[in-house]
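Contents: one structure, followed by commentary.
Numbering (the numbering used here), first residue to last: 7 to 347.
In structure tokens:
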């Protein structure tokens, strides 16, 4: 890439809703997709040539994950995940707060442990050319349901609202501790992962999202904004009706921007002057089922229409899944790279 501008500068320009020299990009792969691509290109250094623009720092302790038996991993919250099928995330085996009364005795991890942040200085020093974020996954609703169980938590929102509020407040307290420590470093922003949507709408519905989640999300995001940093969020699913709420509570960047459930061009037209988008390349249709030419055409259209006047980070709508043909993965990258020539 011959341009003198750094990826970090390019992202900053785009998030100011100004036209950068090229649309910034960030492409991720699931474990299976990485294996397929590596075998296809027969170049062990291929993934090092992606030219991604983002660098995320995770405030996890070095021993945050422990393999308790083959394929089963325990996280620092004590939740055990079965990764025998899904090697990227897994499925929860046992919900620790099956009994709501157990919340009183449940101890959250310490967000202020120095070892969480021991790797930050070296990572930041090595990646000054990239846009740097602290990433907090499972940042509210997801953390709650992994402890309590999805069905239980949704019933609790109706039958035990005070319990839900107490659990969510405990999670927010933990996250605020992570933010307090992470914002001491020279990062550009904070990225929060928390899936609220499914293919046809919100999991808990808009009323309860606004009742239980919105004020607590706003509290977390405000801490980031007060530090002069950007807020980006990840929520899969159809969350179209929340885009005005996102703007209201200080979100700068919305990911994954799934084209199957959100009209990406309408979103750009209606909200693109106040909200940036990150994602947009179809992982449910074009990448797995299209031709290489289809993939290149979609990438070029997104650059032209959504990338216009900034406000866009080009990316698949999620980590590239394992069912994508390697030819399409290569086409995706080639279409991205050609704009830098």
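Just so it is clear, CB atoms sit at the ideal spot from N, CA and C, and this is done for glycine as well.
What residue range is occupied by the uninterrupted beta strand (DSSP E) comprising residue i?
i	result
residue 283	282-287
residue 75	72-75
residue 93	Run containing residue 93: none; DSSP gives neither H nor E here.
Give the C-beta separation of residue i and residue j to the nearest angstrom, bearing in mind that I take them to be a contact with Cβ-Cβ under 8 Å.
i	j	result
residue 345	residue 309	6 Å
residue 130	residue 119	Not confirmed; about 19 Å, so no contact.
residue 239	residue 253	Between residue 253 and residue 239 the Cβ distance is about 12 Å, and since that is not below 8 Å, they are no contact.
residue 301	residue 338	5 Å
residue 174	residue 144	The Cβ separation is near 13 Å, so there is no contact.
residue 282	residue 318	6 Å
residue 2	residue 182	The chain is shown from 7 up to 347; residue 2 falls before or after that span and cannot be answered.
residue 237	residue 196	6 Å
residue 294	residue 327	7 Å
residue 224	residue 255	4 Å
residue 285	residue 261	5 Å
residue 95	residue 140	Incorrect: roughly 20 Å between the Cβ atoms, too far for contact.
residue 290	residue 244	Residue 290 to residue 244, Cβ: 12 Å. No contact.
residue 146	residue 214	Rounded, the Cβ-Cβ distance is 13 Å, inconsistent with contact.
residue 59	residue 91	In fact, because the Cβ distance is near 32 Å, the residues do not count as touching under 8 Å.
residue 45	residue 335	Wrong, their Cβ atoms sit about 11 Å apart, outside the cutoff.
residue 292	residue 304	5 Å
residue 136	residue 13	5 Å
residue 248	residue 277	So it is not a contact: roughly 11 Å between Cβ atoms.
residue 117	residue 180	5 Å
residue 316	residue 19	6 Å
Can you name the start and end residues of the alpha helix (DSSP H) that residue i belongs to?
i	result
residue 318	Residue 318 -> not in any alpha helix (DSSP H); beta strand (DSSP E) instead, spanning 318-322.
residue 140	Segment 137-142 is the beta strand (DSSP E) holding residue 140; no alpha helix (DSSP H) there.
residue 158	156-165
residue 300	298-311
residue 221	220-232
residue 67	Unbroken run through residue 67: none, as it is neither H nor E.
residue 10	Per DSSP, residue 10 belongs to no alpha helix (DSSP H) and is neither H nor E.
residue 131	126-132
residue 123	Taken as a continuous stretch (DSSP letters only), residue 123 belongs to no alpha helix (DSSP H), as it is neither H nor E.
residue 146	Run containing residue 146: none; DSSP gives neither H nor E here.
residue 336	332-343
residue 251	249-254
residue 272	270-277
residue 102	Run containing residue 102: none; DSSP gives neither H nor E here.
residue 294	292-295
Mind checking who residue i pairs with in its DSSP beta bridge?
i	result
residue 242	Answer is none; residue 242 lacks a bridge partner.
residue 78	75 and 88
residue 261	240
residue 326	35
Tell me, please, whether the CB atom of residue i is closer than 9 Å to any CB atom in chain B?
i	result
residue 11	Reference to chain B is not applicable here, since this structure consists of a single protein chain.
Take every Cβ of the region 68-78, pair it with every Cβ of the region 139-157, and state whether three or more of those distances are shorter than 8 Å.
-> Cβ pair count under 8 Å is below three, so no.
Complete beta strand (DSSP E) runs within the region 21-64 (minimum length 3 residues, chain order) | Annotation note: the region 21-64 contains the following uninterrupted beta strand (DSSP E) runs of length 3 or greater, listed N- to C-terminal: 60-63.
Where in the region 159-217 do unbroken runs of the beta strand (DSSP E), each at least 3 residues long, occur, reported from the N-terminal end onward?
-> 195-199
Would you be able to state if there are at least three C-beta pairs under 8 Å between the region 33-42 and the region 166-180?
-> no
Determine, using beta-carbon pairs with one atom in the region 61-68 and one in the region 319-338, whether at least three such pairs fall under 8 Å.
-> no
Count the CB pairs spanning the region 97-106 and the region 80-89 that are closer than 8 Å, and state whether there are at least three.
-> The region 80-89 and the region 97-106 touch, with three or more beta-carbon pairs separated by less than 8 Å.
Pair every Cβ in the region 119-128 with every Cβ in the region 195-212, then say whether three or more of these pairs are closer than 8 Å.
-> Touching, no, given that fewer than three Cβ pairs across the two stretches are closer than 8 Å.
Per the contact definition of three or more C-beta pairs closer than 8 Å, is the region 14-25 in contact with the region 44-52?
-> no
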